[in-house]
Amino acid sequence: MTMKWRFVYLGVLAPALIIGLGFWSPFGQATAHGRSRAPAFQVDPFWPKPLPIVRETNPAAATDGFRATGPGSSKSWVTGEVAGHGFDANDHVFIVTRAPQGNLVSPETLVATPTPSVVEFDREGNVVNSWPPNLPTTTAPWWAAPIDPVGCDGKACHDAVHGVPMGIHGLYVDYQDNVWIAGNGDGIVQKYTHDGSKLLLQIGLRGVCDNPPANTCGNSGANPLANNSQTLLNEPPNMRVDPLPDPVTHQTGSIYVPDGYGNHRVVVFDRNGKWLRHWGGVVQNSANPNATAHDRGSFASGDGGHPHCMILGKDGFLYVCDRASDRILVYEKNPSHCTNAAGAPASPSVWVQGDTPVCQPVRIISVIPGTGVTAGRADGAYTNVLGTAGSAWDLDFSIDRDQDFFFEADGGNEIVWTFDHKLAVANTGTCTTVECGHWPDYILAGFGVPGHAAGDFTFLHSLGLDSRGNLFTGETINGRRIQKFVPVADLDDAKTRNFRPSGYPDVTLKHYNPRDVGGDGHNRDDD
Amino acid sequence: MIRHRGLALSAAAAFTFLGLAALAHEFKLDSVITSFVKLDPGQAHLVVRLPLHLTRTIKIPVKGVWIDLDTSGPALEKLLAGLGHDITLFEDGRALSPRSAVGRFSLPSDRSFREYETAVEHVARPPEPDTQIFIDQGYFDAHLTYAIRSASSRFAIQTQVAPELKDYLKMTIRYLPPGEEGQAMMITSESGRVSLNPEWYRAGASFVVLGIKHILTGYDHLLFLLCLVIPFLRLREVAAIITAFTVAHSFTLLGSAYGLGPGGDWFPPFVETAIAASIVWMALENIAGVDLRRRWLITGLFGLVHGFGFSYGLKENLMFAGHHLVVALLSFNVGIEIGQIAVLAVMLPVLALLRKSVLKGRVGVIILSALVAHTGWHWMVDRAAIFWKTPWPQFDGRALMTLARWVAGLLIAFGLVRWLGRRAAEVLARRAAATGRPS
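Top to bottom, those sequences are chains A and B.
Residue numbering for the first sequence is 1 to 527, as defined by the working numbering.
Residue numbering for the second sequence is 1001 to 1439, as defined by the working numbering.
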């Protein structure tokens, strides 16, 4: 080897050995930066796989004379609003979508076809099942709300069992792999077999809601007779099933329903749909009916689901989204501190409706305010009215044994927030206005911005994690999709930017880009 | 739950007990049977979790839509008998019969089968009295025990559960021998009898066969070999080139098997693309008529890439090597070389015949190489399209460290080979001088 080549050889070998053996790295400085405990998520833009293309079977489907859109033509499935999703024991992802209930927009109504209401994906994102089949009609759009083929064991089940709930909203797969569906345009919660072929149970009556005397479905508002039925619901958004014995009956399978858009309570049924208990009710501030009084143990009266979601923690508590009040209420499964109309009211400025017990949560966790406006503060600062759509839309825990984190779908800001579970429940204070909470200490980081690219959100609505820690989100109005986010590592502080919650310019939270958790080309600021 | 002592199986049963009934029900493609095989002195334990939808050939009593657990005893007996028949353990080639079995039904949310101990404890416990298990949703769990002569015997396993599902139905096995680290493997009904703890020579033999099969079905590798030898007419002329290819691909094959290769989803498509590119390069070299005396060097470089390609076929089968990982690696490599030699033994004479008769001289080399280049080009473009879509790796400190290690390793290996070559040349020259013959 000539001297020149010898120098080249040694000149390459020496640094290769130094770097390869770890004595030095040009990236060493970057890795010395702090790392947040928060897990980071990266969007998987290839999930799910492209939806199937199917043949149009509606004999009345029209053709415009130029394109083949009539019977026999090939059409792509499209989803409507993905209002909820869940996971079975094999980490298959189930979504509910409102496609057959009128979400499609022109020209989709001619050149595409809606997916069935429930679609099941395997882990790779392939469609493996869907139900029930859409019912063709003779007028556009060429489908109708699906007909459920069977009732409970072939017999009528709690009366009227035709179809999945209108305004299909939440989905949950229980510990027996049965699929539950709720609807905020209806008064029912349904339980189906895993493949959707059989309806096993229905709570409530289709189209009939707990809103006496007319029992119309809709916000029961100040109706003192509402929130009390033991058989009817009012636009329930979701449900959960407890695999552990109920604290009262000691039977497994209790059904917890955040009852929901029309009502303002949590209801618990046994596994057969028999009422066990409920609590909640609406509390109104007599001075400003649009603002919530944030009294302990009640739900906001405004729009958007009150409560909107609920999850069961391994700690034995319920975590309930009081969406319009921008808070999470943590309850015992059988709350031990309750009052009713016969008891003392919570405070002179509020009153309790009807006979619905008002129960004290064990904790109140304040979240980022939604929709860009904040509640008035006692000191007169930030005297805006609270945004009605709220921000606590959905929750789920991390998959570790201790559930160190939970994640919140902040629909008001289009962000998924990571909460430190222990810190969030550490606040035992009685102050219940948003600025009294110890946040943002327990809000570690968030990702997502309004938009339509992979990792952005348009009407972020639901959130859930499978058993492997993959996080899935569902979007409704104009979003109409499910997205998958893969946990990649603990979050590197160097990859985050500042986020300032609306109305709180002195507060900064960490926000990152799920397309590039290794680097953020953007440096936007909310202000 | 049912306990059963001394299972009596139908003699000479030629059909499987468990599987899918010929009904109009849909079936699930991605099913997994989870199992543990643990050896104790004098007995072996097989603990199995079977998805319920695979038990449709056995009639299970139902109450409404739920399994009637109170009256499910006879069905459990049949399921246990079926399992004992369809999954067979062998000791030194002899099929074992279960001497006891216990089984139960379980909810789909149960996670006991993550560990052997919790699985055994779970199967031994009956379901809670008010458990509702929907027919088809859930598991049948079983614990079978077998009398064995010795825990040091050679054991094998075979599954014939639902053979109509072929390799869609997988069975994971965690083999737990006494006093040793356990191993995990995955088989299907198409795997046949699989050894759980093969002898070193059996493991070696099977991996030699695997290596031969791998090269004979690796058409991109064969096309590369063809490209290498097109300009040559005699084996002697290609010996150095083939040796360089062999040494280089052995280096990366072994390194990759030990997990020293780059990780990430990007790497396999990169390797596939690079293999196709190597074919195109060689073919173009043949057409352009470059100096073939240095061909061994470029072949060595491309051999590194091909080694990574070989390693994918090796890695997915390493679970069958038992404790003989090194033997398996070396045997696989030997198998590749045997296959290579066999291919060249056919390729070279055929090429020589073609080059002497129909495709003579330089024109023959160009025509053959152009045909190869055409195929290689299409492969390269298709594979590059996939590679382009794959998320590229973050070039961080860890990636740089891996790259630096490979560069250092290659340079050291190159330097060593070169130094050895020089020493060998000096020794030969001295001997030649001493004997008066030319070296």
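Glycine included, C-beta positions come from ideal geometry on N, C-alpha and C.
Open item on the list: Would Ser-1331 (chain B) and Val-1208 (chain B) qualify as a contact pair, given that the criterion is a beta-carbon distance under 8 Å?
Closed with: yes
Open item on the list: Does chain B have any CB closer than 8 Å to the CB of Lys-198 (chain A)?
Closed with: yes
- [ ] Count the other CB atoms, across all protein chains shown, that sit within 10 Å of the CB of Ala-60 (chain A); report buried if there are 16 or more and exposed otherwise.
- [x] exposed
Task: Neighbour-count burial assignment, Glu-414 (chain A), 16 or more Cβ in a 10 Å radius - done: buried
Task: C-alpha distance - Asn-227 (chain A) paired with Val-367 (chain A), whole-angstrom precision - done: 26 Å
Task: Cut-off 6 Å between Cβ atoms - residues of its own chain near Asn-215 (chain A), not counting five sequence neighbours on either side - done: Val-208 and Cys-209
Open item on the list: So, under 8 Å CB-CB, Arg-1033 (chain B) and Leu-1169 (chain B) are touching, yes? Tell me the CB distance rounded to an integer number of Å.
Closed with: The amino acid at residue 1033 (chain B) is misidentified as Arg; the sequence shows Ile. Right, the Cβ-Cβ distance comes to about 7 Å (below 8 Å), so this counts as a contact.
TODO: Buried or exposed for Pro-573 (chain A), please, with buried defined as at least 16 other CB atoms from any protein chain shown within 10 angstroms of its CB.
DONE: Chain A is shown from 1 up to 527; residue 573 (chain A) falls before or after that span and cannot be answered.
Open item on the list: Going by beta-carbon coordinates alone, are Ala-99 (chain A) and Lys-75 (chain A) separated by less than 8 Å?
Closed with: no
Open item on the list: Tell me which residues share the same chain as Gly-1064 (chain B) and place their Cβ nearer than 8 Å to its Cβ, disregarding the 5 neighbours each side in the sequence.
Closed with: none
Task: For Ala-99 (chain A): DSSP bridge partner residues - done: Ala-99 (chain A) is not bridged to any residue.
- [ ] Locate the beta strand (DSSP E) running through Tyr-1168 (chain B), then write down its first and last residues.
- [x] Counting along the chain, Tyr-1168 (chain B) falls outside any beta strand (DSSP E), and DSSP gives it neither H nor E.
Task: Residue-chain proximity (Pro-1108 (chain B), chain A), Cβ-Cβ < 8 Å - done: yes
Open item on the list: My assumption, with CB atoms under 8 Å, is that Thr-97 (chain A) sits in contact with Thr-115 (chain A). Please give the rounded CB distance.
Closed with: 6 Å
TODO: Report yes or no: do three or more beta-carbon pairs, one from the region 1141–1150 of chain B and one from the region 1103–1120 of chain B, lie closer than 8 Å?
DONE: yes
- [ ] State the CB to CB distance for the pair Leu-395 (chain A) and Phe-406 (chain A), rounded to an integer number of angstroms; the pair is presumed to be in contact (CB under 8 Å).
- [x] 6 Å
- [ ] Starting from Arg-1236 (chain B), follow the alpha helix (DSSP H) in both directions and report where the run begins and ends.
- [x] 1235–1257
Open item on the list: Output needed in chain order: residues of the region 1130–1142 of chain B with a Cβ under 8 Å from some Cβ in chain A.
Closed with: Asp-1130, Thr-1131, Gln-1132, Ile-1133, Phe-1134, Asp-1136, Gln-1137 and Gly-1138
TODO: Leaving out five residues on either side along the sequence, give the residues of the same chain with a beta carbon under 7 Å from the beta carbon of Ala-1424 (chain B).
DONE: none
Open item on the list: For a contact defined as C-beta to C-beta under 7 Å, what are the partners of Ala-1480 (chain B) on chain A?
Closed with: Since the first residue of chain B shown is 1001 and the last is 1439, residue 1480 (chain B) is not available in this structure.
Task: Paired residues, beta bridge with Glu-408 (chain A) - DSSP - done: A:Leu-395 and A:Trp-417
TODO: Leaving out five residues on either side along the sequence, give the residues of the same chain with a beta carbon under 6 Å from the beta carbon of Arg-123 (chain A).
DONE: Asp-91
Open item on the list: Looking at chain A, is there any beta carbon in it that lies within less than 8 Å of the beta carbon of Ala-1162 (chain B)?
Closed with: no
Open item on the list: So, under 8 Å CB-CB, His-337 (chain A) and Pro-258 (chain A) are touching, yes? Tell me the CB distance rounded to an integer number of Å.
Closed with: With 8 Å as the limit, His-337 (chain A) and Pro-258 (chain A) do not qualify as a contact, their Cβ atoms being about 20 Å apart.
Task: Distance CB(Arg-1154 (chain B))-CB(Ser-1195 (chain B)) smaller than 8 Å - done: yes
TODO: Could you please give the first and the last residue of the uninterrupted alpha helix (DSSP H) stretch that includes Thr-1273 (chain B)?
DONE: 1267–1288
- [ ] Can you give me the Cβ contacts of Gly-1364 (chain B) inside the same chain, cut-off strictly under 8 Å, excluding the 5 residues immediately before and after it?
- [x] Leu-1354, Arg-1355 and Val-1358
Open item on the list: Using the three-state DSSP reduction, which class does Leu-945 (chain B) fall into: helix, strand or coil?
Closed with: Because chain B is modelled from 1001 through 1439, residue 945 (chain B) falls outside the range shown and cannot be assessed.
- [ ] Would you kindly work out how many angstroms separate the C-alpha atoms of Pro-132 (chain A) and Ser-117 (chain A), rounded to a whole number?
- [x] 7 Å
TODO: Could you check the C-alpha separation between His-1122 (chain B) and Ser-1097 (chain B) for me, to the nearest Å?
DONE: 23 Å
- [ ] Consider the Cβ of Ala-1404 (chain B): report whether some Cβ of chain A lies at a distance smaller than 8 Å.
- [x] yes
- [ ] Taking all protein chains shown into account, decide if Met-310 (chain A) is buried (16 or more other Cβ within 10 angstroms of its Cβ) or exposed.
- [x] buried
Task: C-beta neighbour in chain B for Phe-7 (chain A), strict 8 Å - done: no
Open item on the list: Just checking: is the beta-carbon of Ala-1119 (chain B) within a distance shorter than 8 Å of some beta-carbon in chain A?
Closed with: no
Open item on the list: Need the endpoints of the beta strand (DSSP E) that Thr-1145 (chain B) sits in, please.
Closed with: 1139–1147
Open item on the list: Per the DSSP calculation, Asn-498 (chain A) is bridged to which residue(s)?
Closed with: A:Lys-510
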